[in-house]
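If you use numbering that gives the first Met the number 0, the sequence shown corresponds to residues 0 to 222, in order. Positions of the beta carbon are idealized from the N, C-alpha and C atoms, including for glycine. Since we're looking at a predicted model, the values are computed, not measured. Notes follow once the structure below has been shown.
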Amino acid sequence: MNIPSIRVTEQSQLAVASAALDIQPPRPVLVLVGAAASLEPALAKRVLPLLTNILAPIIVQCDAVAIDGGTDYGVMALLGRARRSTGAAFPLLGVAATGTLAPPAGDAVKGARLNPDHSGHLLVPGSQWGDEVPWMSALATTIAGDAGSATLAIGGGAITERDLTASLASARATLMLTETGPLAERLSQQPPPGLRMIPLSQAADRLARELPLLLHPSSASRR
0 MNIPSIRVTE QSQLAVASAA LDIQPPRPVL VLVGAAASLE PALAKRVLPL LTNILAPIIV
60 QCDAVAIDGG TDYGVMALLG RARRSTGAAF PLLGVAATGT LAPPAGDAVK GARLNPDHSG
120 HLLVPGSQWG DEVPWMSALA TTIAGDAGSA TLAIGGGAIT ERDLTASLAS ARATLMLTET
180 GPLAERLSQQ PPPGLRMIPL SQAADRLARE LPLLLHPSSA SRR
(Lines of atoms letter the chains of each structure in order from A; the text may use other names.)
(Lines give C-alpha, C1' and ligand atoms only; values in the text may rest on other atoms or scores of the structure.)
Protein backbone atom coordinates (compact mmCIF):
# COMPACT_ATOMS: atom_id res chain seq x y z
CA MET A 0 0.00 0.00 0.00
CA ASN A 1 1.33 3.41 -0.98
CA ILE A 2 0.98 5.76 2.00
CA PRO A 3 0.84 9.43 0.99
CA SER A 4 3.53 11.73 2.38
CA ILE A 5 3.14 15.50 2.12
CA ARG A 6 6.05 17.91 2.61
CA VAL A 7 5.41 21.35 4.04
CA THR A 8 7.75 24.22 4.78
CA GLU A 9 5.36 26.72 6.40
CA GLN A 10 2.58 26.23 8.92
CA SER A 11 0.33 28.26 6.63
CA GLN A 12 0.38 25.20 4.32
CA LEU A 13 -1.19 22.87 6.87
CA ALA A 14 -4.79 23.37 5.74
CA VAL A 15 -3.88 22.55 2.14
CA ALA A 16 -1.80 19.57 3.29
CA SER A 17 -4.73 18.28 5.35
CA ALA A 18 -7.00 18.48 2.32
CA ALA A 19 -4.41 16.57 0.28
CA LEU A 20 -4.62 13.83 2.91
CA ASP A 21 -8.44 13.79 2.59
CA ILE A 22 -9.01 15.56 5.90
CA GLN A 23 -11.58 18.35 5.90
CA PRO A 24 -11.73 20.47 9.07
CA PRO A 25 -13.34 20.71 11.49
CA ARG A 26 -12.77 17.18 12.82
CA PRO A 27 -12.16 16.02 16.39
CA VAL A 28 -8.47 15.31 16.95
CA LEU A 29 -6.57 13.04 19.31
CA VAL A 30 -2.82 13.67 19.55
CA LEU A 31 -0.80 10.77 20.93
CA VAL A 32 2.67 11.52 22.29
CA GLY A 33 5.12 9.68 24.49
CA ALA A 34 7.83 7.07 24.53
CA ALA A 35 9.48 6.19 21.23
CA ALA A 36 12.56 3.94 21.16
CA SER A 37 12.68 4.13 24.97
CA LEU A 38 9.35 2.30 25.39
CA GLU A 39 9.97 -0.67 27.67
CA PRO A 40 8.57 -4.03 26.47
CA ALA A 41 6.66 -4.51 29.73
CA LEU A 42 4.97 -1.13 29.34
CA ALA A 43 4.25 -1.77 25.66
CA LYS A 44 2.51 -5.01 26.66
CA ARG A 45 0.17 -3.03 28.93
CA VAL A 46 -0.38 -0.16 26.53
CA LEU A 47 -1.20 -2.09 23.34
CA PRO A 48 -4.52 -3.50 24.63
CA LEU A 49 -5.47 0.00 25.80
CA LEU A 50 -4.86 1.42 22.33
CA THR A 51 -6.54 -1.52 20.60
CA ASN A 52 -9.61 -1.98 22.79
CA ILE A 53 -10.26 1.55 24.05
CA LEU A 54 -8.50 4.25 22.03
CA ALA A 55 -9.08 2.97 18.49
CA PRO A 56 -12.84 2.40 18.98
CA ILE A 57 -13.26 5.85 20.55
CA ILE A 58 -11.45 7.51 17.64
CA VAL A 59 -13.78 5.72 15.22
CA GLN A 60 -16.88 6.46 17.28
CA CYS A 61 -16.06 10.16 17.44
CA ASP A 62 -15.10 10.37 13.74
CA ALA A 63 -11.78 11.75 14.93
CA VAL A 64 -8.36 12.12 13.38
CA ALA A 65 -5.35 10.75 15.27
CA ILE A 66 -1.99 12.52 15.06
CA ASP A 67 1.38 11.28 16.32
CA GLY A 68 5.08 11.39 15.47
CA GLY A 69 4.71 8.88 12.66
CA THR A 70 7.83 6.76 13.15
CA ASP A 71 8.01 3.01 13.63
CA TYR A 72 8.86 3.22 17.33
CA GLY A 73 7.14 3.21 20.68
CA VAL A 74 3.59 4.42 21.14
CA MET A 75 3.44 5.52 17.49
CA ALA A 76 4.10 2.01 16.23
CA LEU A 77 1.63 0.63 18.77
CA LEU A 78 -1.15 2.95 17.61
CA GLY A 79 -0.46 1.95 14.02
CA ARG A 80 -0.58 -1.70 15.04
CA ALA A 81 -3.87 -1.15 16.89
CA ARG A 82 -5.36 0.52 13.82
CA ARG A 83 -4.28 -2.35 11.57
CA SER A 84 -5.30 -5.18 13.90
CA THR A 85 -8.79 -3.77 14.44
CA GLY A 86 -9.31 -2.93 10.78
CA ALA A 87 -10.20 0.60 11.83
CA ALA A 88 -10.18 3.13 9.01
CA PHE A 89 -9.71 6.29 11.07
CA PRO A 90 -7.16 8.78 9.71
CA LEU A 91 -3.81 8.37 11.46
CA LEU A 92 -1.38 11.10 10.49
CA GLY A 93 2.29 10.97 11.42
CA VAL A 94 4.25 14.22 11.67
CA ALA A 95 8.02 13.80 11.32
CA ALA A 96 10.99 16.10 10.76
CA THR A 97 12.65 15.17 7.48
CA GLY A 98 16.19 15.25 8.86
CA THR A 99 15.42 12.55 11.43
CA LEU A 100 14.22 9.99 8.87
CA ALA A 101 16.14 7.25 7.11
CA PRO A 102 16.21 7.65 3.32
CA PRO A 103 14.04 5.23 1.34
CA ALA A 104 15.75 1.83 1.29
CA GLY A 105 18.49 3.42 3.40
CA ASP A 106 20.12 2.46 6.68
CA ALA A 107 17.61 2.72 9.54
CA VAL A 108 20.54 3.16 11.92
CA LYS A 109 21.05 6.60 10.37
CA GLY A 110 17.43 7.64 10.79
CA ALA A 111 13.96 6.49 11.73
CA ARG A 112 11.57 4.55 9.54
CA LEU A 113 8.02 5.79 9.07
CA ASN A 114 5.38 3.46 10.45
CA PRO A 115 3.57 1.67 7.60
CA ASP A 116 0.22 1.46 9.41
CA HIS A 117 -0.51 5.19 9.23
CA SER A 118 -2.91 6.61 6.65
CA GLY A 119 -0.57 9.48 5.81
CA HIS A 120 2.56 11.34 6.85
CA LEU A 121 3.33 15.03 7.05
CA LEU A 122 7.04 15.75 6.59
CA VAL A 123 8.18 18.99 8.17
CA PRO A 124 11.47 20.90 8.34
CA GLY A 125 14.02 19.93 10.96
CA SER A 126 16.96 17.68 11.69
CA GLN A 127 16.56 17.09 15.42
CA TRP A 128 14.13 14.99 17.42
CA GLY A 129 11.55 17.42 18.74
CA ASP A 130 11.58 19.71 15.71
CA GLU A 131 8.18 18.23 14.86
CA VAL A 132 6.57 19.36 18.14
CA PRO A 133 5.17 22.76 17.04
CA TRP A 134 4.02 21.26 13.74
CA MET A 135 2.05 18.49 15.45
CA SER A 136 0.34 21.01 17.68
CA ALA A 137 -0.40 23.37 14.80
CA LEU A 138 -1.77 20.53 12.66
CA ALA A 139 -4.08 19.45 15.48
CA THR A 140 -5.36 23.01 15.83
CA THR A 141 -5.84 23.34 12.06
CA ILE A 142 -7.81 20.11 11.72
CA ALA A 143 -9.88 20.48 14.88
CA GLY A 144 -11.06 24.01 14.26
CA ASP A 145 -13.99 24.41 16.64
CA ALA A 146 -14.31 20.63 17.18
CA GLY A 147 -13.02 18.85 20.25
CA SER A 148 -9.39 17.85 20.63
CA ALA A 149 -7.17 16.21 23.21
CA THR A 150 -3.56 15.16 23.74
CA LEU A 151 -2.70 11.87 25.46
CA ALA A 152 0.85 11.23 26.68
CA ILE A 153 2.16 7.76 27.51
CA GLY A 154 5.70 7.72 28.88
CA GLY A 155 8.42 9.66 27.13
CA GLY A 156 10.95 12.22 28.25
CA ALA A 157 12.09 15.72 27.33
CA ILE A 158 10.39 15.81 23.92
CA THR A 159 7.13 14.55 25.40
CA GLU A 160 7.34 17.33 27.97
CA ARG A 161 7.62 19.81 25.10
CA ASP A 162 4.59 18.18 23.48
CA LEU A 163 2.64 18.66 26.69
CA THR A 164 3.69 22.30 26.95
CA ALA A 165 2.60 22.94 23.35
CA SER A 166 -0.72 21.21 23.94
CA LEU A 167 -1.47 23.18 27.08
CA ALA A 168 -0.47 26.43 25.36
CA SER A 169 -3.00 25.62 22.63
CA ALA A 170 -5.74 25.18 25.26
CA ARG A 171 -6.10 21.54 24.21
CA ALA A 172 -7.35 19.04 26.78
CA THR A 173 -4.14 17.32 27.90
CA LEU A 174 -3.89 13.98 29.67
CA MET A 175 -0.94 11.89 30.81
CA LEU A 176 -0.86 8.33 32.09
CA THR A 177 1.10 7.78 35.28
CA GLU A 178 2.94 4.52 36.01
CA THR A 179 4.61 5.01 32.61
CA GLY A 180 8.06 6.34 33.47
CA PRO A 181 10.09 9.04 35.21
CA LEU A 182 8.51 12.01 33.41
CA ALA A 183 4.99 10.96 34.37
CA GLU A 184 6.00 10.33 37.95
CA ARG A 185 7.72 13.71 38.24
CA LEU A 186 4.81 15.61 36.73
CA SER A 187 2.32 13.74 38.90
CA GLN A 188 3.97 15.27 41.98
CA GLN A 189 3.07 18.78 40.81
CA PRO A 190 1.13 18.74 37.52
CA PRO A 191 1.28 21.86 35.36
CA PRO A 192 -2.04 23.75 35.35
CA GLY A 193 -4.46 21.98 33.03
CA LEU A 194 -2.64 18.64 32.86
CA ARG A 195 -4.83 15.69 33.88
CA MET A 196 -2.96 12.73 35.36
CA ILE A 197 -4.56 9.29 34.95
CA PRO A 198 -3.07 6.14 36.54
CA LEU A 199 -2.37 3.51 33.91
CA SER A 200 -4.22 0.99 36.08
CA GLN A 201 -7.38 3.12 35.72
CA ALA A 202 -6.82 4.24 32.14
CA ALA A 203 -9.27 1.91 30.39
CA ASP A 204 -12.25 3.08 32.44
CA ARG A 205 -11.21 6.72 32.66
CA LEU A 206 -10.44 7.14 28.96
CA ALA A 207 -13.63 5.33 27.95
CA ARG A 208 -15.60 7.88 30.00
CA GLU A 209 -13.62 11.04 29.41
CA LEU A 210 -12.27 10.97 25.85
CA PRO A 211 -15.66 10.92 24.08
CA LEU A 212 -16.65 13.99 26.09
CA LEU A 213 -13.47 15.77 25.02
CA LEU A 214 -13.53 14.75 21.36
CA HIS A 215 -17.22 14.67 20.56
CA PRO A 216 -19.65 15.51 23.37
CA SER A 217 -22.69 14.13 21.55
CA SER A 218 -21.05 10.69 21.35
CA ALA A 219 -20.95 10.28 25.12
CA SER A 220 -24.69 9.61 25.35
CA ARG A 221 -24.35 6.70 22.94
CA ARG A 222 -21.72 4.79 24.96
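Under the three-state reduction of DSSP output, Ala87 falls in the coil class, being neither helix nor strand. Scanning its chain for C-beta atoms nearer than 8 Å, with the 5 sequence neighbours on each side dropped, one finds around Pro181 the residues Gly156, in chain order. Between Thr140 and Ala14 the beta-carbon gap is near 11 Å, outside 8 Å, which marks them as no contact. Taking C-beta separations shorter than 6 Å and ignoring five residues to either side along the sequence, the partners of Arg171 in its chain run Ser148, Thr150, following chain order. Shortest Cα-Cα distance from Asp116 to any of Asp130, Ser126, Phe89 involves Phe89. Per DSSP, the unbroken beta strand (DSSP E) holding Val32 starts and ends at 28-33.
In the three-state reduction of the DSSP assignment, Ala63 falls in the coil class. With the rule of 3 Cβ pairs closer than 8 Å, the segment 69-77 counts as touching the segment 31-43.
Per DSSP, the beta-bridge partners of Gly119 are Leu92. Taken through DSSP and simplified to helix, strand or coil, Arg208 comes out as helix. At the C-beta level, Leu206 and Leu100 stay beyond 8 Å of one another.
Residue range 4-6 is occupied by the beta strand (DSSP E) that includes Arg6, with no alpha helix (DSSP H) assigned at that position.
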